[in-house]
Structures are given as C-alpha cells and as structure tokens.
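For the sequence shown, numbering that gives the first Met the number 0 assigns the number 0 to the initial residue and increments by one for each residue that follows.
Don't be surprised by glycine CBs; every beta carbon is placed ideally from N, CA and C.
Predicted, not measured: the structure shown is a model, and the values here were computed from it.
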Amino acid sequence: MRVQPRDDIALMAGYHSPQLDVAVRLNTNESPLPPPAAFAEAVAVAARSVSWNRYPDRQATELRSRIAARHGVDPDRVFAANGSNEVLQCLLLAYGGAGRRAVVFEPTYALHSHLARVTGTTVASGERDGDFNLDPDAAMALIASAEPSVTFLCSPNNPSGTVEPPSVIASLLDTVGSTSGLLCVDEAYAEFSPHSALDLVDDETPLVVTRTYSKTWAMAGARLGYLIGPRWLVSELDKVALPYHLDALKQAVGIAALDFVDDMQARVSSIVSERARLTDRLGGLPVDVWPSGANFVLFRPRDRNGAEVWQQLLARSVLVRNCASWPRLAGCLRVTIGTPEEDDRFLDALEEILT
Ligand SMILES: *Cc1c(COP(=O)(O)O)cnc(C)c1O
Numbered sequence: 000m001r002v003q004p005r006d007d008i009a010l011m012a013g014y015h016s017p018q019l020d021v022a023v024r025l026n027t028n029e030s031p032l033p034p035p036a037a038f039a040e041a042v043a044v045a046a047r048s049v050s051w052n053r054y055p056d057r058q059a060t061e062l063r064s065r066i067a068a069r070h071g072v073d074p075d076r077v078f079a080a081n082g083s084n085e086v087l088q089c090l091l092l093a094y095g096g097a098g099r100r101a102v103v104f105e106p107t108y109a110l111h112s113h114l115a116r117v118t119g120t121t122v123a124s125g126e127r128d129g130d131f132n133l134d135p136d137a138a139m140a141l142i143a144s145a146e147p148s149v150t151f152l153c154s155p156n157n158p159s160g161t162v163e164p165p166s167v168i169a170s171l172l173d174t175v176g177s178t179s180g181l182l183c184v185d186e187a188y189a190e191f192s193p194h195s196a197l198d199l200v201d202d203e204t205p206l207v208v209t210r211t212y213s214k215t216w217a218m219a220g221a222r223l224g225y226l227i228g229p230r231w232l233v234s235e236l237d238k239v240a241l242p243y244h245l246d247a248l249k250q251a252v253g254i255a256a257l258d259f260v261d262d263m264q265a266r267v268s269s270i271v272s273e274r275a276r277l278t279d280r281l282g283g284l285p286v287d288v289w290p291s292g293a294n295f296v297l298f299r300p301r302d303r304n305g306a307e308v309w310q311q312l313l314a315r316s317v318l319v320r321n322c323a324s325w326p327r328l329a330g331c332l333r334v335t336i337g338t339p340e341e342d343d344r345f346l347d348a349l350e351e352i353l354t
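What follows is the structure, encoded as structure tokens:
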C-alpha cells in the first residue's frame, strides 16, 4: 500500500474555483484593472538591482516599515507573507494546532476553516442569520463555550459582503479577551467598506487585522498580504514562517506598490460607485440581492436554479462564482465588480436569462 496522508487530510476536498478562459471574468474578486504602468516600470527597475545570488532580507525590513507607515503603526506590529492566506496559515501554526479550537461564523471565507483543519485545529462553527448578519449574543455565547484560541471574523464578509459594525467587534473582543483567545478580523476588502478594526490594534488587545495586496492593490498575481497585530504576537509568527519566505523581488514589488496610493484609491472609488450601479440594476431583476461593503455582490435568482443560471451565464462567456451548492447559500451566485463594460455584459446576459 502507498503511503497515506493524515486521515483528516485524505477526507478534504481542497480549494476549487474553476479558472476558465472567458471574455468576462467576475469570479475571484480581482481588480478589473491592473496597477498603473509606472508601477510596472518601477518593478522593472527594482528587478535589475536584486542581488539574485543572495538570500533576501529575512525580516523584510523595508517592506514592513513602509506598510507600518501607511497604517501609522510601528514596524514590529507588521507581519507580511505570501498572500493573506499564508498570514492566516502562520497564525494558525502558532496559535492553533492539535487540542486547540478556532471559531468561524458561516457562511464565510472557506480558507479560515480549511486552514484551521490543515493545521490540526478543531473548528467550531457559528451561524449567521438568513441575511448573513451575526447575532452578537449567540456569537459571544459560542466563544464563551468553545474557548477558541482564534476567532475569525471576516468583515466585509466573503461571500455575503456584510460589514460588521464596530459595536460587534467590541463585543467579540471583550469575549475573546475573557477566554484568553484572539480575534482575527480578515479585512481583505477593508478599503471598499466604511470602517475598519485597525485603530483598535495595540499590545494590550487580543486583536489582529489581516489585509492583502490581492484586491484593492490590484495585485493578486504578486501573492502578498500582511497582518497588523500586537508586537508579542508578530514575534511568534516570525518563528513559524519559513526563513526567507518573501523573495527579494516580491519585497521590492510590495514596496513599489505603496508609491501609488492615489491610483489605488481612485480604482477603489470607481469600483464602489460601480457597485452601487450594479446593485441598483440587479434590484430591477427577479433576484434577491444583499448589500455589500466589498468589491462583489451576492445575489440569488428567484424561482430559478442558481447552478443553471451560472451555466447560462458561462455560455455567454460570463464567469461568476457559483455558490449555489454551498451550505447555507443554496441558489446563490457571487459577482465581482468589474469595469462598467464587463458589468453591463454580465447584467445584459442575466437579464436575458431571467426575463
Ligand atoms: C481574497 C481574500 C483573501 C486574499 O487572500 P490572498 O492570499 O491575500 O490572495 C483573504 N481573505 C478573504 C476573505 C478574501 O476574500
């Protein structure tokens, strides 16, 4: 018999999101537009001065301090990694593991529970209501009874777009504090939303906030993300990350991007207004729509099979995320905000299919 993986790994499905060749790709919440040409130019210049024969700066000192400066925190509060997924994995390597628990509130970003399981952490799931809102009392009760070392809260929540009000964050923080746990607020979409938990981070608060270059920075191809948290926590994460995990070019790319904040903000505000336009037009179609604070919108065709609608969109070369068979999301589809042209192609196709 061949060598077998761990029993729990053998039972896992892994990550599946079809990468198909279509005209309109609105399925993975990427930015529809690339960063500016001047950024690509800066990357080319940086590539020429990389010391390829040398290991990169293991501490990613300049990258961390530039990220820190952007958020007005000290550099030793910043941990960077290959995408925020690797940040989350490191968090669980250090604070999860066998005999420990993580809490998630479903439906939410699948990687939170997936990475918890991969690291041997037991998952305790709380439920959002039918409109994907969190009941703070139920959430606090779950944390109090499960006593997780890590509680994940995704805000804006993927795939619903729900933004948690500061009062909910404050309540959860109280509870994780009293059970010696940690609250991880995944803010992959923070720039698209009205508020953030970042201001609450300090050395006394059991809170980390994760961010990514993949969405607002239009750099999903770069695989770069980071966390802002207490100093004592960042130094534990430094122990579990592989030495030199951030290559020299990636560090330079992450630094170069931060010279183009204005371009990023312009892209974000045009996506936010495009989100309002798309939500509005969806409101005129026979679908249920949930308000979103992110760069995507969740909707459910009424009286129609969601998976069939997904297929019919695909037949028109429009790819959205098919959540129709996911637990708690029966019949739902998630569309990323694209350019106005892409969104019109999506909306016209959907209108044709549904009316
Ligand atoms: C897209 C996304 C991320 C980004 O992960 P990366 O590894 O940084 O690309 C993280 N969290 C959520 C909730 C997301 O939707």
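Confirm the yes/no value for this check: CB of residue i, any heavy atom of ligand 1, distance under 7 Å.
{"i": "Gly253", "result": "no"}
{"i": "Thr211", "result": "yes"}
{"i": "Ser83", "result": "yes"}
{"i": "Lys238", "result": "no"}
{"i": "Asp185", "result": "yes"}
{"i": "Cys153", "result": "yes"}
{"i": "Asn28", "result": "yes"}
{"i": "Asn321", "result": "no"}
{"i": "Asn294", "result": "no"}
{"i": "Asn157", "result": "yes"}
{"i": "Lys249", "result": "no"}
For residue i, tell me which candidate among the options has the shortest Cα-Cα distance.
{"i": "Arg274", "options": "Asp258, Ser291, Asp261, Ala265", "result": "Ser291"}
{"i": "Val285", "options": "Val77, Thr354, Leu328", "result": "As written in the sequence, residue 285 is Pro, which differs from the Val given in the question. When only C-alpha atoms are compared, the closest one is Thr354."}
{"i": "Val21", "options": "Ser179, Val319, Leu90, Asp347", "result": "Val319"}
{"i": "Asp342", "options": "Ser16, Pro31, Asp185, Asp6", "result": "Pro31"}
{"i": "Ser148", "options": "Leu91, Gly337, Pro164", "result": "Leu91"}
{"i": "Val207", "options": "Met218, Glu186, His194", "result": "Glu186"}
{"i": "Ser324", "options": "Trp51, Arg299, Ser316", "result": "Arg299"}
{"i": "Arg5", "options": "Leu19, Ala101, Ala97", "result": "Ala97"}
{"i": "Ser112", "options": "Ala293, Leu248, Gly305, Met11", "result": "Met11"}
{"i": "Asn52", "options": "Tyr14, Asp246, Ile168, Ala9", "result": "Asp246"}
{"i": "Ala265", "options": "Ala39, Pro33, His15, Asp7", "result": "Pro33"}
{"i": "Asp202", "options": "Val317, Arg76, Leu241, Arg100", "result": "Arg76"}
{"i": "Val267", "options": "Tyr243, Asn294, Met218", "result": "Asn294"}
{"i": "Leu241", "options": "Tyr54, Tyr108, Val184, Arg344", "result": "Tyr54"}
What are the boundary residues of the beta strand (DSSP E) that includes residue i?
{"i": "Asn366", "result": "A query on residue 366 cannot be resolved here, the shown segment of the chain reaching from 0 to 354 and no further."}
{"i": "Ala80", "result": "77-80"}
{"i": "Pro165", "result": "Per DSSP, Pro165 belongs to no beta strand (DSSP E); it is in the alpha helix (DSSP H), 165-177."}
Would you mind stating whether residue i and residue j have Cβ atoms separated by less than 8 Å?
{"i": "Val308", "j": "Val296", "result": "no"}
{"i": "Ala106", "j": "Arg327", "result": "It should be noted that the sequence gives Pro, not Ala, for residue 106. Yes, they are a contact pair."}
{"i": "Gly224", "j": "Ala80", "result": "yes"}
{"i": "Val42", "j": "Ala255", "result": "yes"}
{"i": "Pro205", "j": "Val175", "result": "yes"}
{"i": "Gly95", "j": "Ala123", "result": "no"}
{"i": "Arg210", "j": "Ser83", "result": "yes"}
{"i": "Ala138", "j": "Leu171", "result": "yes"}
{"i": "Met263", "j": "Thr215", "result": "yes"}
Express the C-alpha separation of residue j and residue i in angstroms, rounding to a whole number.
{"i": "Asn26", "j": "Arg333", "result": "7 Å"}
{"i": "Leu199", "j": "Ser48", "result": "38 Å"}
{"i": "Glu85", "j": "Ala36", "result": "28 Å"}
{"i": "Ile270", "j": "Ser192", "result": "11 Å"}
{"i": "Glu252", "j": "Asp56", "result": "According to the sequence shown, residue 252 is Val rather than Glu. Roughly 14 Å separates the two Cα atoms."}
{"i": "Asp130", "j": "Ser159", "result": "8 Å"}
{"i": "Arg24", "j": "Asp347", "result": "15 Å"}
{"i": "Tyr188", "j": "Ser154", "result": "7 Å"}
{"i": "Asp302", "j": "Glu350", "result": "14 Å"}
{"i": "Asn28", "j": "Met0", "result": "42 Å"}
{"i": "Ala236", "j": "Leu226", "result": "Rather than Ala, the amino acid found at residue 236 in this sequence is Leu. Distance between the alpha carbons of Leu236 and Leu226 is about 10 Å."}
{"i": "Leu152", "j": "Val162", "result": "10 Å"}
{"i": "Ala143", "j": "Gly119", "result": "21 Å"}
{"i": "Thr335", "j": "Asn321", "result": "12 Å"}
{"i": "Pro165", "j": "Val2", "result": "49 Å"}
{"i": "Ala67", "j": "Thr60", "result": "10 Å"}
{"i": "Gln311", "j": "Leu133", "result": "33 Å"}
I'd like the span of the alpha helix (DSSP H) that includes residue i, first residue to last.
{"i": "Val233", "result": "230-239"}
{"i": "Ile254", "result": "247-256"}
{"i": "Arg274", "result": "260-282"}
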